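Worksheet for the structure shown next.
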Ligand SMILES: [Zn+2]
Ligand SMILES: [Zn+2]
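In my numbering, the protein residues as written are 5 to 889.
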């Protein structure tokens with residue numbers, strides 16, 4: 005496919021909508037996103053964190069994609085075989101939530117459909133909506149290799165999941181057992197600690213009397229969840245608590261139920277909470293579960309998986325929803341006068357991350373990964389810097405989490421996901437774990453086997469992502485060449501969900517660190533530091549921004565304000581400023597294109613010796629920029645590198661060099677014109693290369709209109725720093741300082757912009773330099789060439805403004821800048837006005853009765869007025885004295 009831009013003509017303004025789709029399609033179909041395997045070169049590889057298929061592109065995805073695309077485009081231009089592997093995550097529980105919501109609209113549940121039809125329904129949903137997010141990534145300009153796109157549930161990834169499960173099981177690192185897990189009654193599944201969101205909520209603390217079995221009286225226990233008392237099997241106190249010491253070993257009668265329960269002493273009880281005596285419900289609280297194990301207490305599970313009371317709760321309560329049961333338990337206790345008092349109480353409530361239902365601790369039969377033996381090598385990999393976390397301070401967070409890691413519950417009672425590859429034998433009760441579906445029991449050969457109905461936690465498959473995507477466990481060419489990957493880039497908020505699991509599973513499965521670097525970016529916030537959210541009404545929709553300002557503007561605004569690991573503020577003003585920058589660059593390029601003589605060859609690094617001073621200066625400054633950007637990118641300072649590129653293009657290139665080049669080109673000499681034009685082309689070409697990773701579209705659209713070698717900017721070589729010329733940089737800096745000084749004086753004296761003014765420059769040793777560049781100085785500073793003198797020394801003229809830059813002094817005769825008499829008249833009028841104000845304020849302040857009676861604030865205001873008028877007056881008088889000498 006040939007380049008979509010076959011013209012040097014440039015429309016008046018940069019129109020992103022005209023170019024973006026066209027350029028993207030062309031890059032993709034030309035194969036620029038696909039790396040060529042070259043054994044002689046070390047590849048650069050990023051696996052994109054797979055977004056959920058339920059997702060739509062939000063500003064966080066835009067940040068992730070922008071940073072990754074910058075790294076990828078930069079390395080591709082450096083000539084490294086570069087692979088950015090995209091894909092999506094089946095997002096087991098999240099997808100369930102979405103599809104079950106749809107079913108609910110039809111009055112159906114997943115149980116009405118049954119497993120097979122439900123799974124069909126989800127695949128159908130994925131077909132229709134599940135690809136939206138990958139389409140949106142294209143609009144961001146993400147240069148991923150779509151030919152290698154993966155889905156966590158596709159054949160290649162599913163094979164890896166089974167292989168990993170079997171290897172971990174065979175190594176004794178996966179086991180099954182009854183343990184307490186977090187349970188969502190709405191989703192009907194176990195969920196991990198990380199999928200429970202804890203929030204402080206206002207609740208109540210009920211004080212309930214538990215009568216003694218063998219003596220009169222009672223012990224009062226406090227609870228936030230009275231309905232769970234139906235499952236109590238003890239009351240516990242702290243062993244050192246003098247209030248209860250004598251009662252330990254005695255029994256109580258559990259109200260409403262009538263069960264005899266013991267009083268036990270356990271260190272886990274906090275004597276400060278409530279009355280210091282707590283009810284123990286081993287089936288419904290993780291701490292009680294542990295207490296129960298220590299004291300051999302029975303476990304009475306009074307709830308069903310859907311959050312209702314079970315038969316074990318007694319026939320009066322069985323079948324009630326857990327919150328209805330709470331009301332009834334309280335009513336019954338009150339009827340028996342067993343509620344002593346009720347207090348308001350703030351408590352932390354855990355809710356399911358997916359559906360916001362209050363999560364319930366629940367004992368159930370689940371599969372677990374034994375994490376300690378996996379965590380140890382994962383900790384060592386970071387400690388020994390085989391994996392570097394950027395910024396480094398997140399290492400502490402990582403170590404802290406990994407050192408306290410608990411076994412990971414990996415089974416989910418859901419249907420959408422990787423079904424657990426375990427078969428149970430109905431004859432010998434044996435387990436068969438296999439990577440391909442077996443047709444008989446591996447122990448007794450019976451065909452009477454059934455697969456475990458549960459699916460694996462989504463993070464189990466995402467934890468294999470860096471190598472499952474490349475074909476592992478097959479020794480594919482891709483796996484051999486591209487693994488281990490180079491960078492894992494993600495927001496710091498999912499370091500535990502994902503990064504930690506990839507490191508553990510990567511080391512355990514492949515024996516290698518899955519990546520060399522972990523780059524963590526911060527969250528994006530609004531101008532006031534708030535998170536973007538629909539409920540706050542401050543959300544910025546990346547696709548709307550792209551429609552309005554263009555992809556380049558969004559990308560540039562996102563990344564130039566960011567530093568690794570820190571939160572970033574984003575506003576529409578910043579995006580607008582980035583759009584203005586794209587326009588500025590477009591306009592500069594239009595000038596360069598118009599200045600190029602026909603058949604100008606592609607940009608080449610010029611021979612410094614053949615250049616004029618401004619040309620040597622800009623080329624040397626460009627080379628300094630290349631050096632600096634290179635250094636910044638290598639140290640992950642993407643934001644600062646982008647900022648410096650913008651500063652150079654906008655300031656040194658557009659504001660100074662293009663203006664100086666116009667003077668050179670006006671000079672008439674054909675050689676000069678050609679040389680200046682070629683310098684413009686060289687600097688612009690290199691700037692486009694530096695900026696391309698940030699603003700891929702506008703840079704490619706311009707580059708295609710310049711004389712160029714090679715097909716496309718996206719695969720052009722990354723610029724290398726060339727010769728510097730310190731002398732030229734100093735000399736031109738002096739000229740710039742002089743021009744700035746004169747411009748400041750002009751604005752101070754309010755000289756009209758187009759008025760050409762007189763100047764006398766006492767240049768000392770710089771006389772030859774300034775004389776040589778007289779024309780440029782005159783043009784940039786707005787000097788009248790017929791009244792502009794440069795000499796070694798000169799006598800200061802009367803009535804002039806003075807600008808001093810080092811050893812050079814510029815005298816600007818005021819008569820040349822303004823109409824002296826008019827200025828004197830104006831100053832006199834202003835002085836008279838200031839005098840009047842001062843007199844008025846002073847007379848009030850001299851008036852004793854005013855000072856006494858007026859409110860203090862009014863008097864204060866008059867004092868300020870007087871002081872301000874006095875200051876204005878002295879300034880105007882000294883200005884008048886200068887003019888009227
Ligand atoms: Zn839920
Ligand atoms: Zn068997």
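Even for Gly, the Cβ is constructed at its ideal location relative to N, Cα and C.
Just so it is clear, the structure is predicted and the values come from calculations on it, not from any experiment.
#### Entry: Cβ pair count under 8 Å reaching 3, the stretch 212-219 against the stretch 404-412
Per the Cβ contact rule, the stretch 212-219 is not in contact with the stretch 404-412 (fewer than 3 Cβ pairs under 8 Å).
#### Entry: Boundaries (first-last residue) of the alpha helix (DSSP H) holding residue 208
Run containing residue 208: none in the alpha helix (DSSP H); it sits in the beta strand (DSSP E), 200-215.
### Message
Going by beta-carbon coordinates alone, are residue 93 and residue 54 separated by less than 7 Å?
### Response
Using a Cβ distance threshold of 7 Å, residue 93 and residue 54 count as a contacting pair.
### Query
How about residue 355: is its Cβ closer than 6 Å to a heavy atom in ligand 1?
no
### Message
So the candidates are 112, 178, 332, 89; which of them puts its Cα closest to the Cα of residue 138?
### Response
89
#### Entry: Supposed contact pair residue 564 and residue 646 - C-beta distance, whole angstroms, cut 8 Å
4 Å
### Query
Taking DSSP as the reference, what is the three-state secondary structure of residue 474?
coil
### Task
Report yes or no: do the stretch 580-587 and the stretch 526-546 share at least 3 C-beta pairs separated by less than 8 Å?
As far as the Cβ criterion goes, the stretch 580-587 does not touch the stretch 526-546, which means the pair count is below three.
### Task
Could you pull out every residue in the same chain whose Cβ sits closer than 7 Å to the Cβ of residue 733, ignoring the five residues on either side in sequence?
Counting only Cβ-Cβ distances below 7 Å, and skipping sequence neighbours, we find 621, 624, 625.
#### Entry: Simplified DSSP assignment, three categories, for residue 184
In this structure, residue 184 counts as strand in the three-state DSSP scheme.
### Task
Would you kindly work out how many angstroms separate the C-alpha atoms of residue 17 and residue 702, rounded to a whole number?
11 Å
#### Entry: One or two residues paired with residue 350 in a DSSP bridge
206
### Task
Counting only runs of 3+ residues fully inside the stretch 58-138, write out the beta strand (DSSP E) ranges in chain order.
86-89
### 8 Å CB neighbourhood of residue 495 in its chain, flanking five on each side removed
Excluding residues within five positions, the ones whose Cβ falls inside 8 Å are 64, 67, 68, 524, 525, 526, 527.
### Query
Alpha carbon to alpha carbon, how far is residue 859 from residue 871?
C-alpha separation (whole angstroms): 19 Å.
### Query
How about residue 58 and residue 99: are their beta carbons less than 7 Å apart?
Cβ distance < 7 Å, so residue 58 and residue 99 count as in contact.
### Message
Suppose contacts are defined by Cβ-Cβ distances below 7 Å. Is residue 343 in contact with residue 281 by that definition?
### Response
Going by C-beta atoms, residue 343 is not nearer than 7 Å to residue 281.
### Message
Considering only heavy atoms of ligand 1, does any lie closer than 6 Å to the CB of residue 161?
### Response
no
### First and last residue of the uninterrupted beta strand (DSSP E) at residue 535
No beta strand (DSSP E) contains residue 535, which DSSP labels as neither H nor E.
### Task
Confirm the yes/no value for this check: CB of residue 431, any heavy atom of ligand 2, distance under 6 Å.
yes
### Message
Can you list, in chain order, the residues of its chain with a C-beta nearer than 8 Å to that of residue 608? Leave out the 5 residues immediately preceding and following it.
### Response
682, 686
### Task
May I ask you to check if the CB of residue 190 is nearer than 6 Å to at least one heavy atom of ligand 1?
yes
### Message
At a cut-off of 6 Å, would you count residue 434 as near ligand 2, judging by its Cβ distance to the nearest heavy atom?
### Response
Yes, since a heavy atom of ligand 2 falls inside the 6 Å radius drawn around the Cβ of residue 434.
### Query
Which residues in the same chain have their Cβ closer than 8 Å to the Cβ of residue 831, if we skip the five residues on either side of it in sequence?
Contacts found: 880, 883, 884, 887.
### Coarse secondary structure for residue 429, derived from DSSP in three states
It is a strand residue.
### Message
Are there any heavy atoms of ligand 2 lying less than 6 Å away from the beta-carbon of residue 444, as far as the coordinates show?
### Response
No, Cβ of residue 444 sits at least 6 Å from all heavy atoms of ligand 2.
#### Entry: Sheet register partners of residue 194 (DSSP bridge)
187
### Proximity of residue 399 and residue 391 at Cβ, strictly below 7 Å
Cβ atoms of residue 399 and residue 391: not closer than 7 Å.
#### Entry: the stretch 777-794 in contact with the stretch 833-847 per 3-pair CB rule at 8 Å
Taking a contact to require three or more Cβ pairs closer than 8 Å, the stretch 777-794 and the stretch 833-847 do not qualify as touching.
### Task
Throw me the rounded Cβ distance for the residue 445 and residue 454 pair, which I believe falls under 8 Å.
The pair is not a contact, with the Cβ atoms about 10 Å apart (cut-off 8 Å).
### Task
Could you check the C-alpha separation between residue 8 and residue 710 for me, to the nearest Å?
Roughly 14 Å between the two C-alpha positions.
### Neighbour-count burial assignment, residue 861, 16 or more Cβ in a 10 Å radius
exposed
### Message
Taking 6 Å as the cut-off, is the C-beta of residue 94 nearer than that to any heavy atom in ligand 2?
### Response
no
### For residue 123, the nearest candidate out of 148, 150, 97 (CA to CA)
Closest in alpha carbon position to residue 123, among 148, 150, 97, is 97.
### Query
Would the beta-carbon of residue 358 be found less than 6 Å away from any heavy atom of ligand 1?
yes
### Identified DSSP bridge partners for residue 369
182
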